[in-house]
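Asks:
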Amino acid sequence: MDPKDVKSAVVVGAGVMGHSIAQVLAQAGIEVGLVDLTKEALERAINLIKSNLDILAEFNRLPNDEIPAILERIHPSTDLVSAAQGVDFALEVVVEVADVKKKVFSQLDEICSEDIVLASNTSGLDIFSIAEVKNPERLVISHWFAPPHIIPLVEVVPGPKTSPDVVAFTAGLMKRLGKKPVVMKEFVRSFIVNRIQNQISLAVLEMLEKGWATPQEIDMAVKNSLGIRLPIVGVVQTYDFTGLDLVLDIMKSYGVSHPLFEEKVKQGHLGAKTSKGLYDYGGRSEEEILKKRDRLYLRMLDYLEHISAFESV
Ligand SMILES: NC(=O)c1ccc[n+]([C@@H]2O[C@H](COP(=O)([O-])OP(=O)(O)OC[C@H]3O[C@@H](n4cnc5c(N)ncnc54)[C@H](O)[C@@H]3O)[C@@H](O)[C@H]2O)c1
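The sequence shown begins at 8 in my numbering and counts up one residue at a time.
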């Protein structure tokens, strides 16, 4: 199926993530069955969706007069069977408990037609070993970020049997929804962002436990450094600005190394200063590259100061 032909979907689980994902689908003109266990959970979900839509309208991301039609496209239900019947796409967003997800996928496998994609929003479970479905080539992970109606990224992760068409369809559908999909080559626990975030968490927890810095000091340090640079150079391109030769020396001082960095340094590709590193700067001079970066840093700094981002929330 072409992503543009998706007219209906079911979202199973209407909690922190599910309600907002259903909203994003409905905003793109798709009829959505939103399923949870109780009427109370669904009522809470609809109230949250209304509030989310108000905020989006407040920030001119959505015309106010579109809100009633979006809400009409969301069909809350406690009956998975009727909600999932005949849909063009199914997304599981229930609790991160293997047995619960396994049961939901067995139900979706029974109810949904054999050719529609079954996706999971798991944060890192190996859904491909957990779910038992007749056509495992249609099983895929689409991992959204909270709050889904605001954060653009969706990680699309295939399992060992997921077909390339299913991956392409899922990424295409995310684009249609206005999201920025990043497709991983294969399933690895925690995917890209949580893998990075987990390492940050370990470092933070160690610092707090040992009392090396207070929570406020750690956040101050991060907001006044990485907070400004990350949106501009990410976590990989930043090496090009440090200089890959220095990065390699630092690694060696810790008693480690990395073949990619060794190779680049051997070739004389040291980053921005040689116009080639992990990125290729197309022969631009170091001054040109740094000016472009610094304009962006300064705009970011101006804006963060303007909104008082360095104060605590
Ligand atoms: N919270 C986050 O920031 C976040 C981010 C990315 C991914 N995720 C993943 O998304 C999934 C959902 O997380 P959440 O934070 O929305 O959880 P949540 O607890 O807020 O919501 C889960 C919902 O699923 C419902 N549910 C449980 N069993 C069900 C069933 N059999 N049928 C229908 N509904 C059922 C629960 O009643 C609950 O409302 C998890 O896999 C989680 O790891 C969460």
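From the three backbone atoms N, C-alpha and C, an ideal C-beta is built for every residue, glycine too.
Please classify residue 30: is it buried, with 16 or more other beta-carbons within 10 angstroms of its beta-carbon, or exposed?
Replies: Position 23 of the sequence shown, counted from the first residue, corresponds to residue 30. Per the 10 Å Cβ criterion, buried.
Asks: Quick one: what does DSSP say residue 143 is sitting in, helix, strand or coil?
Replies: Here residue 143 refers to the residue found at position 136 when the sequence shown is read from its first residue. In this structure, residue 143 counts as helix in the three-state DSSP scheme.
Asks: I need the DSSP call for residue 239, collapsed to helix, strand or coil.
Replies: Translated into positions along the sequence shown, residue 239 becomes position 232. Reduced to three states, the DSSP call for residue 239 is helix.
Asks: Beta carbon of residue 24: closer than 6 Å to some heavy atom of ligand 1?
Replies: In the sequence shown, counting from the first residue as 1, residue 24 sits at position 17. True, at least one ligand heavy atom lies under 6 Å from that Cβ.
Asks: Return helix, strand or coil for residue 86, following the three-state DSSP convention.
Replies: The residue you call residue 86 lines up with position 79 of the sequence shown. Coil, per DSSP.
Asks: Please confirm whether any heavy atom of ligand 1 lies closer than 6 Å to the CB of residue 49.
Replies: For the purposes of this step, residue 49 is taken as the residue at position 42 of the sequence shown. For ligand 1, not one heavy atom lies less than 6 Å from the Cβ of residue 49.
Asks: Answer with buried or exposed for residue 312, where buried requires no fewer than 16 other C-beta atoms within 10 angstroms of its C-beta.
Replies: Residue 312 sits at position 305 when you count from the first residue of the sequence shown. It is exposed - the Cβ of residue 312 has fewer than 16 other Cβ atoms within 10 Å.
Asks: Cα separation between residue 117 and residue 97?
Replies: Position 110 of the sequence shown, counted from the start, is the residue given in the question as residue 117. Position 90 of the sequence shown, counted from the start, is the residue given in the question as residue 97. Whole-angstrom Cα-Cα distance: 12 Å.
Asks: Among 196, 43, 320, whose alpha-carbon lies nearest the alpha-carbon of residue 101?
Replies: Your numbering for residue 101 matches position 94 in the sequence shown. Taking only the C-alpha atoms, the option nearest residue 101 is 43.
Asks: Can you tell me whether residue 42 is helix, strand or coil according to DSSP?
Replies: For this step, residue 42 is matched to residue 35 along the sequence shown. Residue state, collapsed to three classes: strand.
Asks: Residues in its own chain within less than 8 Å of residue 255 by CB, not counting five upstream and five downstream?
Replies: Within the sequence shown, the letter at position 248 stands for residue 255. Closer than 8 Å at the Cβ level, and outside the excluded window around residue 255, lie 264, 265, 268, 269, 272.
Asks: Write down every uninterrupted run of the alpha helix (DSSP H) in the stretch 190-263 whose length is 4 residues or greater and which is fully enclosed by it, in chain order.
Replies: Counting only runs of 4 or more, we get 200-217, 222-230, 233-240, 244-249, 251-260.
Asks: Hey, residue 323 and residue 130 are a contact pair by Cβ (cut 8 Å); roughly how many whole angstroms apart?
Replies: For the chain, the structure presents residues 8 to 320; residue 323 sits outside this window and is missing.
Asks: Under three-state DSSP, which class holds residue 96?
Replies: Here residue 96 is taken as the residue at index 89 of the sequence shown, counted from 1. Of the three classes helix, strand and coil, the one that applies to residue 96 here is strand, per DSSP.
Asks: With C-beta atoms as the reference, is residue 279 less than 7 Å away from residue 301?
Replies: Counted from its first residue, the sequence shown places residue 279 at position 272. Counted from its first residue, the sequence shown places residue 301 at position 294. Contact: no.
Asks: Residue range of the alpha helix (DSSP H) that residue 75 falls in?
Replies: For the purposes of this step, residue 75 is taken as residue 68 along the sequence shown, with counting starting at 1. Residue 75 -> alpha helix (DSSP H) spans 74-79.
Asks: In whole angstroms, what is the alpha-carbon distance linking residue 257 and residue 240?
Replies: Along the sequence shown, one-based indexing puts residue 257 at 250. Along the sequence shown, one-based indexing puts residue 240 at 233. Approximately 20 Å between the Cα atoms of the pair.
Asks: Whole angstroms is fine: what's the gap from residue 40's alpha carbon to residue 91's?
Replies: Your numbering for residue 40 matches position 33 in the sequence shown. Your numbering for residue 91 matches position 84 in the sequence shown. Going from the Cα of residue 40 to the Cα of residue 91 covers about 7 Å.
Asks: Compute every distance between the C-beta of residue 161 and the non-hydrogen atoms of ligand 1, then say whether any falls below 6 Å.
Replies: Within the sequence shown, the letter at position 154 stands for residue 161. Answer for residue 161: no, Cβ out of range of ligand 1.
Asks: Please look up how many angstroms separate the CB atoms of residue 165 and residue 147, rounded, as I've assumed it's under 8 Å.
Replies: What you label residue 165 is simply residue 158 of the sequence shown in a count that begins at 1. What you label residue 147 is simply residue 140 of the sequence shown in a count that begins at 1. So it is a contact: roughly 6 Å between Cβ atoms.
Asks: Give me the residue from 125, 11, 79, 259 with the minimum Cα distance to residue 143.
Replies: In the sequence shown, counting from the first residue as 1, residue 143 sits at position 136. Of the candidates 125, 11, 79, 259, the one whose C-alpha sits nearest the C-alpha of residue 143 is 125.
Asks: Taking residue 45 as the reference, which of 21, 64, 68, 66 has the closest Cα?
Replies: Numbered from its first residue, the sequence shown carries residue 45 at position 38. If we check each option's Cα against that of residue 45, 21 comes out closest.
Asks: Which value, in whole angstroms, describes the spacing of the CA atoms of residue 151 and residue 15?
Replies: Indexing the sequence shown from 1 puts residue 151 at position 144. Indexing the sequence shown from 1 puts residue 15 at position 8. Their Cα atoms are separated by approximately 19 Å.
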